[in-house]
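What follows is a set of notes on a single structure, which appears directly below.
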Ligand code: UD1
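What follows is the structure, encoded as structure tokens:
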């Protein structure tokens, strides 16, 4: 098993470039299916989830051409099947966006229940309700496959029972060609929802209101190929901002949209960090000890649940006691046991965690329990005394491009060691 080996207590300093947003690209790549034409997507992050999405596109019959490390061309004129295989779907959560995209274009989709990070039960009832509202029939699940089909998709009103990013994306994809008007009420407002709407509109779709809680989609009869550049990753940026605070460093995070980072910026300022905003970069410095604060995660524009494990690490070192209230997922504290191995004192009760501050974290062998939990272990290791070895790094590499190189560029002592290297060393 490959590992990261990190020696902590180096103050990070310098500039880091943020990659394209994972949660935007995993929606936009399936959306290229709708074009029936060639789309060129730029600023693609080089991460495992993108490779999986590209493999699914190739499996469907699309032409997939890598132009360079961050640009790809997808030709969806050559699709031969509307079925996604289990092997690929289980690798990432967002494989279920192929249901909306295939249903939208062909009126048929067979896609397995998706894989992805485990935060407790992750139902998709709102996605299925949306498809049904648009006229699709979703057959009872057989062989782990979701089978959706429609003779004709017709616009309709869909009220989401809870704010769901995935359901908002999937209904937008399914509705682009649906006859008449689709209205999604109580829609998610995340930056990647707006990015997807901008991408679809650049292909000729008619979507208004993305970024508010009512999105209106008027069906069109044709879409065209386009060239589109993915927005910067809000959570990757937030993670490097938190790394600056964790190590009392001074880091400029470049190629970001500061507006997308406001809730993270506000929390870090409350903890005592100094933050300067520029047009496309943010400088975070934190020479002094930080203060405790309380955090409640919420849908955008609230504090993102995907930054909850990272901020928890900062709170273990801050002065005083903090409370974290996880407002999105039922079970997102699985990383706490790993942090305890490093000396953190955190009590969890359901969706609440009480974090005792003033801990001196120390290096230990730990695991990445999921993508953002893994990012939190990296932050803890950067701040800890001694050496930390992190296993299960495949979770981290699903969502962070060149993490080791970017952190080394900021002065971190981090190495990625492969299983073969470990075996040779032990022999
Ligand atoms: C997306 C993000 C994920 C992030 C999450 C919340 C992607 C690829 N992933 O996940 O990183 O943590 O948003 O910001 O963009 N729910 C239902 N029924 C449904 C759908 C959702 O009950 O049909 C519930 C979920 O259990 C959860 C809440 O709604 O409690 C929000 O989930 P949702 O916004 O759908 O998350 P994802 O789209 O899976």
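In the working numbering, the protein residues as written are 1 to 427.
We treat Cβ as the ideally placed atom computed from N, Cα and C, and that holds for glycine.
The beta-carbon distance between residue 109 and residue 124, rounded to whole angstroms, is 13 Å. This is too long to meet the 8 Å contact definition. With contact defined as three or more Cβ pairs closer than 8 Å, the stretch 250-263 and the stretch 373-393 are not in contact.
Taking all protein chains shown into account, residue 395 has 16 or more neighbouring C-beta atoms within 10 Å of its C-beta and is therefore buried.
Contact between residue 368 and residue 234 does not hold, since their C-beta atoms are separated by about 20 Å, which reaches or exceeds 8 Å. With respect to the 9 Å criterion, residue 250 and residue 28 are not classified as neighbours on the basis of their beta carbons. For the pair residue 294 and residue 322, the CB atoms are nearer than the 9 Å cut-off. As for any alpha helix (DSSP H) of minimum length 4 sitting wholly inside the stretch 180-241, the runs are 191-202, ordered along the chain. Secondary structure remark: continuous alpha helix (DSSP H) runs of at least 4 residues inside the stretch 6-52, in chain order: 22-31. By the neighbour-count criterion, in which a residue is buried when 16 or more other Cβ atoms sit within 10 angstroms of its Cβ, residue 352 is exposed. Linking residue 345 to residue 318 through their CA atoms gives a straight-line distance of about 12 Å.
Assignment of residue 70 by DSSP, reduced to helix, strand and coil, places it in the coil class. In this chain, residue 334 is not harboured by any beta strand (DSSP E), its DSSP state being neither H nor E. Exclusion of residue 140 from the 8 Å shell around the ligand UD1 follows from its C-beta lying no nearer than that to any non-hydrogen atom of the ligand. Annotated three-state conformation of residue 76 is helix, per DSSP.
Within the same chain, and ignoring the five residues on either side of residue 24 in sequence, the residues whose Cβ sits closer than 6 Å to its Cβ are 192, 195, 230, 231.
Relative to the non-hydrogen atoms of the ligand UD1, the Cβ of residue 30 never comes closer than 8 Å to any of them.
Taking 8 Å as the upper bound for CB-CB distance, residue 297 and residue 328 are in contact here, some 5 Å apart. Contact between residue 272 and residue 290 holds, since their C-beta atoms are separated by about 5 Å, short of 8 Å. Within the stretch 315-374, the complete alpha helix (DSSP H) segments at least 4 residues long are 336-341, listed from N- to C-terminus. When secondary structure is reduced to three states using DSSP, residue 96 falls in the helix class.
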